[in-house]
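According to mature numbering (1 follows the signal peptide of the UniProt record, and there is no 0), the residues represented by the sequence shown are -31 to -1, 1 to 325, in order. Positions of the beta carbon are idealized from the N, C-alpha and C atoms, including for glycine.
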Amino acid sequence: MTRAVSTRGPHWALSLLLPLCMLLGLDAAQATQPHTRHVTAKRTTTHPASHPAKVARKSSVRGKTVSRRQAAHRGEALARAHRPAHVHRAVAHVDPDAPPRITANVAYVVDQQTGEVLLGRNEEVVHPIASLTKLMTGMIVAEAQLPMDEKIVIDDSDVDRLKFSSSRLRVGTELTRGEALHLALMSSENRAAHALARTYPGGESAFVSAMNVKARQLGMEHTTYVEPTGLSSENQSSAHDLALLTAAAYEHPLLRRYTTSPGYRLATDHGTTQYVNTNRLVRAGTWDIGLQKTGYIREAGDCLILQAKLAGRKLIMVFLDSASALARFTDAEHVRTWLRAHPDLTAEDKGAAAPS
């Protein structure tokens, strides 16, 4: 059976609907308007929070509504306009006229001979210094003029119970004072550093007292030592003070030799152990380094002190809280690249005083 197909168009249905609308008080436009308003509202309010990119977000800047991207660009421009001149974030190897890019939160580069500050960032801020402490430990030992061939023994009190750091110096290991100093400065050996303080006349307390007295003599007004290894975050200083320490330590040939030694083979009753310098720049041999020390604890971040000769100038570099163990050396490399691009950087103020 064939179904009959109606030939009446939509006007027929409309003719029936209009009288009904008149009874309900509606006009024809309302009666025939598709119900899209609620759908539109739903689409603009039901985006899940996990898809923020789908929602056009706005930021208000000085009473004007702008897009998030526009606000970000304006914020970056404002930050650049108000960034202190001593905070350097440009990439030196991309633009040789720009200051070097460094990751350290604290940085200080000074000409050792003229006292001219070439780079400064938070250099007066007091900060934990980790194993940079051992440079002062070395100075106290060197200036005490104790016999370097005297045997000392690692004992249980030298074991780190603050940070529980590892050591290849077993309890009972016998070595000379000179070897202990070498390992403390070159490979940052904590048990060696503690043993040096423990065997100092008067013991560790007298040693730490001597460290603080020496700091005051050097003009390190913002420096405090509480122990000889740097494991305590209470050992604190500023980059400016550490530059003073580096300049003073440089006057000791023994400290220069031990801090820049690439490696040392220690022979004991337990066998022979190979130690290496914690500074990869020393091991690489591409720098003219006169004295250095690395450091790390969580509170201090990755740290580096460096005395080096660049373009005939003796410079002291201090980096505290670099982004990583590698970044502290990259920071130094970026500074070197920048200085090589500016050989006349210290042409002025040749008569400036030493760091003060």
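Between the alpha carbons of residue 209 and residue 137 lies a distance of about 34 Å. Taking the C-beta atoms as reference points, residue 285 is found no nearer than 9 Å to residue 75.
Contact between the region 159 to 170 and the region 119 to 137 is present: three or more C-beta pairs spanning the two stretches fall below 8 Å. Per DSSP, reduced to three states, the secondary structure at residue 117 is coil, with no helix or strand assignment.
When secondary structure is reduced to three states using DSSP, residue 68 falls in the coil class, being assigned neither helix nor strand. In the three-state reduction of the DSSP assignment, residue 269 falls in the coil class, being assigned neither a helical nor a strand state. Under the three-state reduction of DSSP, residue 137 is assigned to coil, being neither helix nor strand. In this model, residue 68 and residue 288 are separated by some 16 Å (Cα to Cα). Secondary structure note for residue 155: its alpha helix (DSSP H) is the uninterrupted segment 146 to 155. Taken in chain order, the whole alpha helix (DSSP H) runs of length 4 or more contained in the region 164 to 239 are 172 to 186, 208 to 218, 222 to 228.
Residue environment analysis places residue 216 among the buried positions, since at least 16 neighbouring C-beta atoms fall within 10 angstroms of its C-beta. For residue 249, the enclosing alpha helix (DSSP H) stretches over residues 249 to 253. Closest option to residue 259, judged by alpha-carbon separation, among 311, 190, 225: 225. A distance below 7 Å between beta-carbons, with the five flanking residues on each side excluded, links residue 250 to the following residues of its chain, in chain order: 256, 258, 298, 301. The region 177 to 190 and the region 138 to 157 do not touch, with fewer than three beta-carbon pairs separated by less than 8 Å. Contact between the region 82 to 97 and the region 195 to 206 is present: 3 or more CB-CB pairs across the two stretches fall below 8 Å. Put simply, of 207, 303, 275 the residue whose alpha carbon is nearest the alpha carbon of residue 81 is 275. Distance from the CA atom of residue 92 to the CA atom of residue 236, rounded to whole angstroms, is 41 Å. For residue 286, the beta-bridge partners assigned by DSSP are 78, 275. Exposure of residue 295 is indicated by the presence of fewer than 16 other C-beta atoms within 10 angstroms of its C-beta. Residue nearest to residue 141 within the set 154, 290, 122 is 122 (criterion: CA-CA distance).
Exposure of residue 238 is indicated by the presence of fewer than 16 other C-beta atoms within 10 angstroms of its C-beta. Rounded to whole angstroms, the gap between the alpha carbons of residue 265 and residue 244 is 18 Å.
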